[in-house]
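Heads up: the sequence shown is residues 765 to 977, going by the numbering used here.
Where is the CB? At the ideal position from N, CA and C, for every residue including glycine.
Following: one structure in C-alpha cells, then a few remarks.
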Amino acid sequence: MAKAAAGNELKVTVRSATGKGASRRARRDGKIPAVLYGHGTDPQHLELPGHDFAAVLRHAGTNAVLTLDIEGKEQLALTKSLDIHPIRRSIQHADLLVVRRGEKVTVEVTVVVEGDPVPGALVTQEANAIEIEAEALSIPEQLTVSVEGAEEGTQINAGQVELPRGVNLVSDPETLVVNVVTAPTAEDLEGEVAQEEAETAEAEEAGAPEEIE
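Encoded structure:
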C-alpha cells in the first residue's frame, strides 16, 4: 500500500514571490517550487525541500501520500505531476493535490510482470501501468502479474489484473497488459535483418539522382 505519514513528512514554506525568476532562485537554494490545490481551495504556492522530496519519491514512489507541514498546519497531499529537466533529470516543479483521509482518488499504478513462460515463449508488456481508484492512504505501490508457465497466445488484460481489496479498476478492462508470443528463432532474426537491408538499399536506390548522359 502507499506509504503515508511515517517517513513522508515534509516541512514546506509558502512562497512569497512567484514567476520564473523566483523559481530559479528557489532551485538554486535546493528548493522545489510547487503548487498545492484541490477541494475548492485557492492554490498555494510552496517551496519543498528538494533533497527530502526526491528521497520520498525514490523510497515510496510518486503515489506516496505526503504529510506537509505548512507553517505548522498539517495537510495530506499526493504528487499530481512533476516537471523534470530534460538533461539534468532534476525536478523543476511539482503539482500537489490536496487529499483527505478516507477519500478515494484515481491514480496510475505500475504493473510488474513476474515469472517465466514455457520454453520458446516470449513475454511482451504492452502496458506499464493501469489506472485505479483507491483510498488515498491505501494506494498499492505496484500491481503484480504472474506469467509463470504461460503458453504462447496467453493474453492478460487490465480486467484480469488482481487488485487489492477496496481498489477498483478505472482503465478499460480490455486494455492489453501482457502478451505471450512465440520467441523468434535465429533464422527469423536473420531474415528480418536481411529484409531491412534490402528495403534500405531499395530506398537509397530510389532516392539516388539520375545520371545525365
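(message) So, at 6 Å on beta carbons, what are the nonlocal neighbours of I834 in its own chain, with the 5 sequence-adjacent residues on each side left out?
(response) If you ignore the 5 residues before and after I834, its C-beta comes within less than 6 Å of the C-beta of V776, all in its own chain and listed in chain order.
(request) For T843, count neighbouring Cβ atoms within 10 angstroms of its own Cβ and tell me buried if that reaches 16, exposed if not. (result) Around the Cβ of T843, a 10 Å sphere holds 16 or more other Cβ atoms; the residue is buried.
(message) Check this for me: beta carbons of N943 and T908, under 8 Å apart or not?
(response) In this structure, N943 keeps its C-beta atom at 8 Å or more from the C-beta atom of T908.
(request) Assign P1006 to one of two classes, buried (16 or more other C-beta atoms within 10 Å of its C-beta) or exposed (fewer than that). (result) Outside the modelled stretch of the chain, which goes from 765 to 977, sits residue 1006, for which no answer is possible.
(request) Reducing DSSP to helix, strand and coil, say where G814 ends up. (result) G814 falls in the helix class under three-state DSSP.
(message) From the DSSP secondary-structure annotation, give me the bridge partner or partners of T886.
(response) Looking at the sequence itself, residue 886 is Leu, so the reference to Thr does not match. The partner list for L886 (beta bridge, DSSP) reads V945.
(request) State whether the region 822-842 contacts the region 866-875, with contact taken as three or more CB pairs (one from each stretch) at a distance under 8 Å. (result) As far as the Cβ criterion goes, the region 822-842 touches the region 866-875, which means the pair count is three or higher.
(message) Does the region 885-899 come into contact with the region 847-858, if we say contact requires no fewer than three beta-carbon pairs (one atom in each stretch) closer than 8 Å?
(response) Cβ pair count under 8 Å is below three, so no.
(message) Whole angstroms are fine: how far does the CA of S780 sit from the CA of P937?
(response) CA-to-CA, the gap between P937 and S780 works out to about 46 Å.
(message) I believe G879 touches V911 by the beta-carbon criterion, under 8 Å. Please report the beta-carbon distance rounded to the nearest angstrom.
(response) Between V911 and G879 the Cβ distance is about 5 Å, and since that is below 8 Å, they are a contact.
(message) For the beta strand (DSSP E) containing A893, name the first residue and the last one.
(response) That run of the beta strand (DSSP E) goes 893-899.
(message) So for E773, helix, strand or coil by DSSP?
(response) Under the three-state reduction of DSSP output, E773 falls in the strand class.
(request) Run the CB neighbour count on A841, radius 10 Å, all protein chains shown included, and call it buried at 16 or more, exposed below. (result) Around the beta carbon of A841, a 10 Å sphere encloses 16 or more other beta carbons of the protein chains shown; the residue is thus reported as buried.
(message) My output table needs one value for S910: the three-state DSSP class, helix, strand or coil.
(response) Secondary structure of S910 (DSSP, three-state): strand.
(request) Give the DSSP-derived three-state secondary structure of H823 in the structure shown. (result) In the structure shown, H823 sits in a helix (DSSP, three-state: H, G or I).
(request) Determine the contact status of V862 and H803, defining contact as a CB-CB distance below 8 Å. (result) Cβ distance < 8 Å, so V862 and H803 count as in contact.
(message) Nearest by alpha-carbon distance to L901: which of R788, G866, H849 is it?
(response) Closest option to L901, Cα to Cα, is G866.
(message) In whole angstroms, give me the CA-to-CA distance for A914 and A798.
(response) Their backbone Cα atoms lie some 45 Å apart in a straight line.
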